[in-house]
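A.B. asks:
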Amino acid sequence: MSVRTQLLKGVLDGCVLSIIEKESVYGYELSKKLQLAGLSDVSEGTIYPVLLRLQKNGYIRGEMRPSESGPDRKYYSLTDDGLAALKELALEWANIAGPVTTLMQRRHTND
Amino acid sequence: MISSKQLISENNERRKLLTKENEKYYDDMLVYIRLKAKSSDQESEEVLMELLNHLIDGQQDGKTAADIFGDDPKGYADELISELPKAHLRTRLPFLSYLLINLISIFLLVRGAALFIGGFFKPVDATVFIVKSTLITVYWLLAIAFLIWFILHLVENALFKKVSNWKDVLKAGLVGIISFGLGTALLYLIPNFGPSFSFGWLPSLVSGTILWLISFWTKKKFNLF
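See below:
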C-alpha cells in the first residue's frame, strides 16, 4: 500500500460524505467526482467498502432505483446522522490540516 | 425497492456484456460473495449489481476489472464481506426449517414407497426402534450438513485460481461415499433395542405427504426461492 493510499484511507469517508452532501450519486458517478476533485489514484473499487460502512453506520442511505434508460442504479443520499458526522470530520480535518501543512512547509524552508 | 430475485435475474442478463477477462474476474467474486456473505440476499445482491454496473461502465472507458477493483479479487471481496451487515439468524430460520422439513418428508415418502413395493416380494419389518432411528436421523442430518459445508469449502478455495482442480472432485466424491457407507453401516451396527412401534408404509406415506405440503407452504409463504 502506497503512502498516499494509507493517508487517504482515514479521510476517504469524509471525502465521500462531502460529495454525497451536494447531490445524491451512484457509485460510478461518485468515483468520477473523486477523480475530478484530484484524488485520481484512489482505486475506484475502494469506494464500495466505504459506501457499505457508511450505510451500516447510518450516515448515508442507498436506494436502488430503476431508470428508464440503462440499468438499475443505487443512489446514495446523506442522512441527518451523516451530516453531523461530516461536520465533525470537517472540523477535525481543519484542526489537523493547518498544523500539518505548516510543519511540512517549514521543513522545506529549512533546507 | 427491487427484490433480490429481480436483481439476480438482471445480473444474469447484464453479465453477458462483460469481456471474457472481466467476466472471469467478476464471476469468481460473485460466487465467493454469494457463498461467504452472512448478510441478507438483498444486501449482497445490491452490492453485486453495483460492482457489475461499475465494471460495465468502466469497460466502456477501456478499463479492466483489475484496474477498478485491484489485483487481489479475493482480498477485495473479503473487504466487502466484512463491511456487509450480518443478517440475524431469525431471517434464515424459514429457509432452514424448509430444508429440514423437506428432507424429512422425502425420507418418509421414499421409506413408505420402499416398504409398500418391498411388501409384494417378501414380508417387510416396519418396526421403528426409537433410540436407533433417532441416532441414525441425527447422523444423516450432520453428515449432510458436513457434506454441504465441505463442498462449499472446496468451491471457495477453487475460486480465483487459474486452473480447475480435478482432485477437488475426487475429494468430494470420496467424502460422499464414506459418509454414505458409514450411514448404511450404522443400520447394521446399532442393535435393535429399547422402545419400538410399528410404522407401516401407509402412515409413512401419509406423514411424508403432510410434511411435504408444509414445506411447500413454507416455501410459498416466505417466498424462499
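So the sequence lines, in the order shown, correspond to chains P and X.
One point on numbering: in the working numbering, the residue at position 57 of the first sequence is 66, and numbering is uninterrupted.
One point on numbering: in the working numbering, the residue at position 148 of the second sequence is 1061, and numbering is uninterrupted.
Don't be surprised by glycine CBs; every beta carbon is placed ideally from N, CA and C.
Is the beta carbon of M942 (chain X) sitting closer than 7 Å to the one on P1007 (chain X)?
C.D. replies: Taking 7 Å as the Cβ cut-off, M942 (chain X) and P1007 (chain X) do not qualify as a contacting pair.
A.B. asks: Which residue's Cα is closest to the Cα of S867 (chain X): X:S1010, X:T1040, X:S922 and X:E923?
C.D. replies: No answer is possible for residue 867 (chain X): it lies beyond the span of chain X, which begins at 914 and ends at 1138.
A.B. asks: With H, G and I counted as helix, E and B as strand and the rest as coil, what does DSSP make of M73 (chain P)?
C.D. replies: The answer is strand: DSSP assigns M73 (chain P) an E or B state.
A.B. asks: Step through the CB atoms of chain X and report whether any lies within less than 7 Å of the CB of P108 (chain P).
C.D. replies: False, the Cβ-Cβ gap to chain X never drops below 7 Å.
A.B. asks: State the start and end residues of the unbroken beta strand (DSSP E) segment that holds T1040 (chain X).
C.D. replies: Element bounds for T1040 (chain X): T1040 to F1042.
A.B. asks: Quick check: the Cα distance between M1127 (chain X) and F1020 (chain X), rounded to an integer number of angstroms?
C.D. replies: Checking the displayed sequence, the identity of residue 1127 (chain X) turns out to be Ile instead of Met. For I1127 (chain X) and F1020 (chain X), the distance between alpha carbons rounds to 15 Å.
A.B. asks: Which of the residues in the segment 929-945 of chain X, read from start to end, lie with their CB under 7 Å from any CB of chain P?
C.D. replies: Result list empty, no residue passes.
A.B. asks: Going by DSSP, what residue range makes up the alpha helix (DSSP H) through R82 (chain P)?
C.D. replies: Premise fails: R82 (chain P) lies in the beta strand (DSSP E), R82 to L87, not in any alpha helix (DSSP H).
A.B. asks: I'd like to know if I915 (chain X) contacts chain P, where contact means its C-beta is closer than 7 Å to some C-beta of that chain.
C.D. replies: Yes - at least one Cβ of chain P is within 7 Å of the one on I915 (chain X).
A.B. asks: For F1020 (chain X), which of helix, strand or coil comes out of DSSP?
C.D. replies: The answer is helix: DSSP assigns F1020 (chain X) an H, G or I state.
A.B. asks: Can you tell me which residues form a DSSP beta bridge with D1110 (chain X)?
C.D. replies: Per the sequence presented here, residue 1110 (chain X) reads as Phe, with Asp not at that position. Per DSSP, X:V1041.
A.B. asks: With the cut-off set at 7 Å, would you say L95 (chain P) and L26 (chain P) are in Cβ contact?
C.D. replies: Contact flag set, yes.
A.B. asks: So with Cβ pairs under 7 Å, would you call D970 (chain X) a contact of chain P?
C.D. replies: For D970 (chain X), the answer is yes, since a Cβ of chain P falls inside 7 Å of its Cβ.
A.B. asks: Would you call R89 (chain P) buried or exposed, if buried means 16 or more other Cβ atoms sit within 10 Å of its Cβ?
C.D. replies: Reading off the sequence, residue 89 (chain P) comes out as Asp, not Arg. D89 (chain P) should be labelled exposed.
A.B. asks: Around the Cβ of L965 (chain X), are there at least 16 other Cβ atoms within 10 angstroms (buried) or fewer (exposed)?
C.D. replies: Burial call: buried.
A.B. asks: With respect to the alpha helix (DSSP H) encompassing E956 (chain X), which residues constitute its N-terminal and C-terminal limits?
C.D. replies: E956 (chain X) -> alpha helix (DSSP H) spans D954 to Q973.
A.B. asks: Closest Cβ-Cβ distance between G36 (chain P) and chain X: below 7 Å?
C.D. replies: Yes, its Cβ sits closer than 7 Å to a Cβ of chain X.
A.B. asks: Which residues in chain P sit within 7 Å of L997 (chain X), going by Cβ to Cβ distance?
C.D. replies: Within chain P, the residues near L997 (chain X) are L61.
A.B. asks: Leaving aside the five residues before and after S76 (chain P) along the sequence, list all residues of the same chain whose C-beta is less than 8 Å from its C-beta, in chain order.
C.D. replies: Counting only Cβ-Cβ distances below 8 Å, and skipping sequence neighbours, we find R82.
A.B. asks: Output the boundary residues of the alpha helix (DSSP H) element that contains V1088 (chain X).
C.D. replies: Start and end: W1079 to L1102.
A.B. asks: Just how far apart, CA to CA, sit Y37 (chain P) and K1132 (chain X)?
C.D. replies: Whole-angstrom Cα-Cα distance: 37 Å.
A.B. asks: Could you check the C-alpha separation between E32 (chain P) and I915 (chain X) for me, to the nearest Å?
C.D. replies: Each residue's alpha carbon lies about 22 Å from the other.
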